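Written below as structure tokens is the structure these notes are about.
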């Protein structure tokens with residue numbers, strides 16, 4: 404009885420979510436204007452960054468506050484390959500991801516054993532090192548404090564993406580694919596292993612999980628995706644500069660994951676709307692908008708520290724052959740008869 | 029056949045010698061009880077065997093492998109599983125997922141097939157669930173498969189730890205105070221469980237303070253005091269050993 408009722412509610416909730424997604428994907432047709440489409444695109448980029456950070460912070464529970472560094476590596480890889488070597492934007496996408504992933508492997512390997520606050524400090528260091536390296540025109544390729552200008556638009560299937568609504572579909576389409584892939588990943592032995600590490604790293608190691616390897620893999624996959632987002636960002640803005648990848652950007656991504664609900668993709672996307680979209684709604688209040696925003700954050704942390712949408716835990720369907728005969732029967736074992 | 033061999037195992041913490049030159053062999057299908065007063069170094073021996081800490085000196089051989097330089101997950105992979113003295117489940121995850129954490133090291137799906145949910149990965153996942161449910165059934169927790177592990181009673185949590193360890197497909201299992209916190213009925217059932225683990229051709233070493241339990245369950249007993257092994261033998265020999273009686277009861281001057 405209660406089971407069927409719960410099923411009905413689940414169906415209603417699912418239908419509502421699908422409807423919301425469909426309406427959302429029609430947003431450019433409602434004449435909401437270039438400004439608000441721009442806001443939605445910005446929310447989308449942050450949502451993507453936060454989804455990739457969610458693997459590291461939400462699932463593996465590693466306090467990583469330097470995600471902007473990987474984002475920067477991706478964006479600069481695309482900018483350099485495109486403006487200096489004339490690569491098409493689409494061709495730079497995998498390279499940007501790999502470059503960010505490789506960079507993550509290099510910097511994370513020596514610090515992966517650090518925990519909590521120590522890891523937090525070191526990752527803040529990483530994002531500052533990257534920013535300062537970019538400002539100092541490292542390898543003579545990054546253009547110093549001015550950055551790189553004149554990045555091309557992406558061309559997909561012969562279509563040149565230039566208008567906000569076109570970027571809307573590019574970015575939010577990317578989110579849909581990402582969310583699906585990460586959903587599968589979450590529900591695999593990989594995703595479980597990250598959760599075991601988050602819950603109790605020593606116990607995870609003690610039952611056979613190679614914790615060092617999985618922590619590193621979480622960092623690398625998060626970084627690869629941040630690198631992809633870097634490509635999207637660079638081709639949307641057509642310019643990249645060190646200011647776009649400062650410590651504050653990392654804080655924003657971190658906040659989105661924690662506020663939205665670490666480990667829950669829907670929560671993370673909602674978090675991106677909250678942290679990036681909400682301040683835009685209060686533009687009319689001028690400077691005091693950030694005050695409202697700050698107050699909302701404080702209240703949130705007091706009354707709902709687990710985030711807006713905390714993860715619900717995986718659901719498993721037992722295959723018929725997984726139901727032992729004893730299921731539902733009381734156990735009774737006599738040691739003397741064994 | 030000797031499955032585990034400790035050779036002059038030594039470990040100190042600061043100035044305290046926790047394990048001082050312990051040597052003993054474990055034969056296949058033994059059920060060995062490691063007993064001794066609190067602070068005798070029993071859990072340290074377990075931590076050394078399972079790779080949680082590294083010995084200062086000495087060697088550990090398990091089934092033809094030298095263990096003292098391996099990380100814990102490698103040792104589990106070689107077939108040596110453990111439970112913890114203070115229960116260390118993943119309390120917020122489900123009972124089934126806790127058992128699947130043990131299955132993890134026997135699963136092979138690479139990252140990419142998880143990301144793309146390839147058919148081989150789905151088949152493996154399903155097979156792992158079937159096996160995990162068998163282990164839950166084996167310890168009598170199948171009914172609770174979908175509960176949060178932290179919501180189980182103390183005794184059930186101990187049994188879940190055993191199921192999790194069994195899911196790693198061990199050749200040898202080390203149980204650190206398996207009866208700790210259990211009531212008489214649960215302890216009684218645990219004896220049956222240990223007999224059935226032994227029947228699966230799995231060798232067992234256990235630490236336990238409940239002497240009645242140890243004497244009934246184990247075929248050999250090793251006694252530690254102040255980091256050293258003071259006696260070894262069959263339960264009836266140990267009960268009569270004057271050194272053991274002295275260690276437990278003290279002597280009149």
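Residue numbers (our numbering), protein chains in the order written: chain U, 404 to 741; chain F, 29 to 281.
By construction, the Cβ of each residue, glycine as well, lies at the ideal position given by its N, Cα and C atoms.
Predicted model, so just to flag it, every value in this text is computed and none were measured.
Nearest-angstrom Cα separation, counted from residue j out to residue i
i, j, result
"residue 643 of chain U", "residue 596 of chain U", "36 Å"
"residue 7 of chain F", "residue 183 of chain F", "A query on residue 7 of chain F cannot be resolved here, the shown segment of chain F reaching from 29 to 281 and no further."
"residue 46 of chain F", "residue 81 of chain F", "12 Å"
"residue 737 of chain U", "residue 116 of chain F", "Residue confidence for residue 737 of chain U is low, a pLDDT of 45 falling below 50, so the modelled location carries little weight; the figure read from the coordinates is stated next. Their backbone Cα atoms lie some 28 Å apart in a straight line."
"residue 616 of chain U", "residue 97 of chain F", "17 Å"
"residue 29 of chain F", "residue 510 of chain U", "47 Å"
"residue 691 of chain U", "residue 678 of chain U", "15 Å"
"residue 608 of chain U", "residue 166 of chain F", "24 Å"
"residue 278 of chain F", "residue 460 of chain U", "54 Å"
"residue 522 of chain U", "residue 556 of chain U", "37 Å"
"residue 661 of chain U", "residue 34 of chain F", "47 Å"
"residue 694 of chain U", "residue 126 of chain F", "44 Å"
"residue 537 of chain U", "residue 474 of chain U", "13 Å"
"residue 274 of chain F", "residue 262 of chain F", "18 Å"
"residue 606 of chain U", "residue 100 of chain F", "10 Å"
"residue 74 of chain F", "residue 237 of chain F", "15 Å"
"residue 727 of chain U", "residue 721 of chain U", "10 Å"
"residue 40 of chain F", "residue 84 of chain F", "7 Å"
"residue 545 of chain U", "residue 514 of chain U", "27 Å"
"residue 543 of chain U", "residue 532 of chain U", "16 Å"
"residue 88 of chain F", "residue 56 of chain F", "16 Å"
"residue 698 of chain U", "residue 676 of chain U", "17 Å"
Buried or exposed (CB count within 10 angstroms, at least 16 for buried), residue i
i, result
"residue 480 of chain U", "buried"
"residue 174 of chain F", "exposed"
"residue 618 of chain U", "buried"
"residue 404 of chain U", "The predicted position of residue 404 of chain U is uncertain, since its pLDDT is 44 and thus under 50; no value can be drawn from it."
"residue 138 of chain F", "exposed"
"residue 485 of chain U", "buried"
"residue 136 of chain F", "exposed"
"residue 709 of chain U", "exposed"
"residue 539 of chain U", "exposed"
"residue 467 of chain U", "buried"
"residue 133 of chain F", "buried"
"residue 271 of chain F", "exposed"
"residue 245 of chain F", "buried"
"residue 179 of chain F", "exposed"
"residue 447 of chain U", "buried"
"residue 574 of chain U", "buried"
Contact under 9 Å by Cβ, residue i with residue j
i, j, result
"residue 196 of chain F", "residue 31 of chain F", "no"
"residue 200 of chain F", "residue 108 of chain F", "yes"
"residue 492 of chain U", "residue 554 of chain U", "yes"
"residue 102 of chain F", "residue 130 of chain F", "no"
"residue 464 of chain U", "residue 602 of chain U", "yes"
"residue 386 of chain U", "residue 441 of chain U", "An answer regarding residue 386 of chain U cannot be provided, because it is not within the stretch 404 to 741 covered by chain U."
"residue 627 of chain U", "residue 416 of chain U", "no"
"residue 36 of chain F", "residue 92 of chain F", "no"
"residue 258 of chain F", "residue 64 of chain F", "yes"
"residue 670 of chain U", "residue 711 of chain U", "yes"
"residue 256 of chain F", "residue 50 of chain F", "yes"
"residue 551 of chain U", "residue 469 of chain U", "no"
"residue 72 of chain F", "residue 113 of chain F", "no"
"residue 62 of chain F", "residue 249 of chain F", "yes"
"residue 90 of chain F", "residue 106 of chain F", "yes"
Nearest-angstrom beta carbon gap, residue j and residue i [assumed within contact, 8 Å]
i, j, result
"residue 191 of chain F", "residue 163 of chain F", "4 Å"
"residue 591 of chain U", "residue 149 of chain F", "6 Å"
"residue 169 of chain F", "residue 186 of chain F", "Wrong, their Cβ atoms sit about 11 Å apart, outside the cutoff."
"residue 348 of chain U", "residue 444 of chain U", "A question about residue 348 of chain U goes unanswered here, because the residues of chain U that appear run from 404 up to 741."
"residue 233 of chain F", "residue 54 of chain F", "6 Å"
"residue 500 of chain U", "residue 623 of chain U", "With a Cβ gap of about 10 Å, residue 500 of chain U and residue 623 of chain U do not count as contacting."
"residue 110 of chain F", "residue 202 of chain F", "5 Å"
"residue 649 of chain U", "residue 714 of chain U", "In fact, because the Cβ distance is near 30 Å, the residues do not count as touching under 8 Å."
Which residues DSSP lists as bridging residue i, in chain order
i, result
"residue 231 of chain F", "F:200"
"residue 39 of chain F", "F:47"
"residue 52 of chain F", "F:34"
"residue 250 of chain F", "F:62, F:260"
"residue 559 of chain U", "U:562"
"residue 108 of chain F", "F:200"
"residue 131 of chain F", "Its beta-bridge partners do not exist; DSSP assigns none."
"residue 93 of chain F", "F:90"
"residue 122 of chain F", "F:176"
"residue 551 of chain U", "U:643"
"residue 171 of chain F", "Answer is none; residue 171 of chain F lacks a bridge partner."
Distance cut-off 8 Å: residue i Cβ against heavy atoms of the ligand HEM
i, result
"residue 467 of chain U", "The ligand HEM is absent from the structure shown, which contains no ligands of any kind."
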